[in-house]
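Numbering (this note's numbering), first residue to last: 60 to 268.
Backbone N, C-alpha and C fix where the C-beta goes; we use that ideal spot for every residue, glycine too.
On a predicted model such as this, the values are computed, not experimentally measured, just so you know.
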């Protein structure tokens, strides 16, 4: 009776073996990760934060550098002369044949002059009232220059005849250039002071036509 084989059921089938105890399942679980691996995960997670800090430092240094450079440039600019660039006072206006009799006002805005031609001469009037320096207007219907500031009046050749202007308007120096054009020089002006001899008849104050 000791060597009894697996008992059989009444139906003649062998009795099924019982499943393994639950303790075996517990033993089959994988071992916990070592502590060192947990530390490695923390290092990986801290890398993005380190990159952000580096970027912030770069931006901060760039802002400081830009501020210092701007301050240095402003410091240098303080010692540089402040020059106002103006157009040249010597320029060409064309050939004498380009101008007809009377007053030509096409250069008033650009050069502040009028070109006047009569039967004998061509000359250039500097468009500045001799009272307080305003720019008169040419009144073609009245054939006179009229200052809008204080009412001074000048005839077609710039000679004053009404208002507070003390003398005629000045005339610019003229010469013919190598190309045949009229060269105007506003650095040299001819005047007719009150009670003194006129300069309008001097060489350079007009061109014969």
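Buried versus exposed, by CB contacts within 10 Å (16 or more), residue 172: Residue 172 sits at position 113 when you count from the first residue of the chain shown. Classification of residue 172: buried, given that the 10 Å Cβ count is 16 or more.
For residue 260, the first and last residue of its enclosing beta strand (DSSP E): On the chain shown, position 201 is the one that residue 260 refers to. Looking at the DSSP string, residue 260 is not in any beta strand (DSSP E), and its letter there is neither H nor E.
Between the CA atoms of residue 242 and residue 228 - distance to the nearest angstrom: Here residue 228 is taken as the residue at index 169 of the chain shown, counted from 1. Here residue 242 is taken as the residue at index 183 of the chain shown, counted from 1. Going from the Cα of residue 228 to the Cα of residue 242 covers about 19 angstroms.
Nearest-angstrom Cβ-Cβ length linking residue 219 and residue 226, presumed shorter than 8 angstroms: Position 160 of the chain shown holds residue 219. Position 167 of the chain shown holds residue 226. 6 angstroms between Cβ atoms; contact.
Proximity test, Cβ basis, 8 angstroms: residue 197 and chain C: Protein chain content of the structure displayed is limited to a single chain, and chain C is not contained in it.
For residue 173: DSSP bridge partner residues: As a first step, residue 173 is located in the chain shown; it is residue number 114 there, counting from the start. Per DSSP, 184.
Cutoff 7 angstroms; reference residue 178; Cβ partners in own chain excluding five residues on either side: Residue numbering aside, residue 178 sits at position 119 when the chain shown is read from its first letter. Cβ within range, chain order: n/a, list empty.
Beta-carbon proximity list for residue 70, same chain, < 7 angstroms, skipping 5 on both sides: Sequence index remark: in the chain shown, residue 70 carries index 11 (1-based). For residue 70, the pLDDT reaches just 45, beneath the cut-off of 50, and the residue's location in the model is therefore unreliable, leaving the point undetermined.
Proximity of residue 129 and residue 162 at Cβ, strictly below 8 angstroms: If you number the chain shown from 1, residue 129 lands on position 70. If you number the chain shown from 1, residue 162 lands on position 103. No, the pair does not count as a contact, with Cβ atoms beyond the cut-off.
Three-way DSSP call (helix, strand, coil) for residue 222 in this model: Counting from 1 along the chain shown, the entry for residue 222 is found at position 163. Note: residue 222 maps to coil in three-state DSSP.
Start-to-end residues for the beta strand (DSSP E) that takes in residue 196: Residue numbering aside, residue 196 sits at position 137 when the chain shown is read from its first letter. Element bounds for residue 196: 196-198.
Alpha-carbon spacing of residue 168 relative to residue 266, whole angstroms: Here residue 168 refers to the residue found at position 109 when the chain shown is read from its first residue. Here residue 266 refers to the residue found at position 207 when the chain shown is read from its first residue. Cα to Cα, residue 168 sits roughly 23 angstroms from residue 266.
CB of residue 180 within 8 angstroms of CB of residue 160, strictly: Counting from 1 along the chain shown, the entry for residue 180 is found at position 121. Counting from 1 along the chain shown, the entry for residue 160 is found at position 101. Taking 8 angstroms as the Cβ cut-off, residue 180 and residue 160 do not qualify as a contacting pair.
heavy atom of the ligand ZN below 7 angstroms from residue 112 C-beta: Absence of the ligand ZN from the depicted structure is noted, as is the absence of any ligand whatsoever, leaving it without description.
With 16 other Cβ atoms within 10 Å as the buried cut-off, status of residue 134: The residue you call residue 134 lines up with position 75 of the chain shown. With fewer than 16 Cβ atoms within 10 Å of its Cβ, residue 134 is classed as exposed.
Exposed unless 16 or more other CB atoms sit within 10 angstroms - verdict on residue 119: Against the chain shown, residue 119 aligns to sequence position 60. Classification for residue 119: exposed.
Per DSSP, cross-strand counterpart(s) of residue 112: Locating residue 112 in the chain shown gives position 53, counting from the first residue. Residue 112 pairs with nothing; no bridge assigned.
Whole-angstrom C-beta distance between residue 184 and residue 166, which should lie under 8 angstroms: For the purposes of this step, residue 166 is taken as residue 107 along the chain shown, with counting starting at 1. For the purposes of this step, residue 184 is taken as residue 125 along the chain shown, with counting starting at 1. Not quite, the Cβ-Cβ distance comes to about 11 angstroms (not below 8 angstroms), so this is no contact.
Residue 132 - DSSP class collapsed to helix/strand/coil: Along the chain shown, one-based indexing puts residue 132 at 73. Reduced to three states, the DSSP call for residue 132 is helix.
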